[in-house]
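Residue numbers (my numbering): 607 to 751.
The beta-carbon is built from N, C-alpha and C at its ideal position, and this holds for glycine as well.
See below for the structure under consideration.
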């Protein structure tokens, strides 16, 4: 499922891939959230995501958050966010992330999100690098914290 609704927000599930393997992640215990099966057989194209969104004007926000780390598909996030900002400029766009995109791409990606993403939620999940590594098992080790 590409698009799912929780509360008054529209969520976009665009990948299963993640640089973490968190002990508490829903992927370990459930096929999805809120009754939605979020496991993707294949990653949707930008066009498929935009078509699945339809008209989001009835929602408080559109959120990139699903079964994986959305910023692993940075260009898709950018392209979909551009569409949303052009077509529905008054709807806020949020990304829920593990905060490791700069490590994934080897550069600061935040300038690419400027003007497209209104809110970024970073899941910290621990108060220090050792504890974070212990429960999140990041590919990048303690540096991911």
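Asked, Found
"Assumed close pair residue 743, residue 706 - CB separation to whole angstroms, cut-off 8 Å", "Not really, about 12 Å apart at Cβ, beyond 8 Å."
"CA-to-CA distance, residue 734 to residue 692, given in whole angstroms", "40 Å"
"Rounded straight-line distance, which links the Cα of residue 651 to that of residue 592", "Outside the modelled stretch of the chain, which goes from 607 to 751, sits residue 592, for which no answer is possible."
"Outcome for residue 626 when other beta-carbon atoms lying within 10 angstroms are tallied against a minimum of 16", "buried"
"Classification of residue 612 by the beta-carbon crowding that lies within 10 angstroms, buried from 16 upward", "exposed"
"Validate contact between the segment 669-684 and the segment 614-625 using beta carbons, cut 8 Å, 3 pairs", "yes"
"Extent of the continuous alpha helix (DSSP H) run through residue 615", "Element bounds for residue 615: not the alpha helix (DSSP H) but the beta strand (DSSP E), 615-618."
"Terminal residues of the beta strand (DSSP E) in which residue 703 lies", "699-703"
"C-alpha gap between residue 709 and residue 750, whole angstroms", "8 Å"
"Residue 686 versus residue 678: straight-line alpha-carbon distance, rounded", "14 Å"
"Through-space distance from residue 663 to residue 684, alpha-carbon basis", "20 Å"
"DSSP three-state assignment for residue 672, whether helix, strand or coil", "coil"
"Rounded separation between residue 718 and residue 703 - CA only", "15 Å"
"Proximity of residue 632 and residue 680 at Cβ, strictly below 8 Å", "no"
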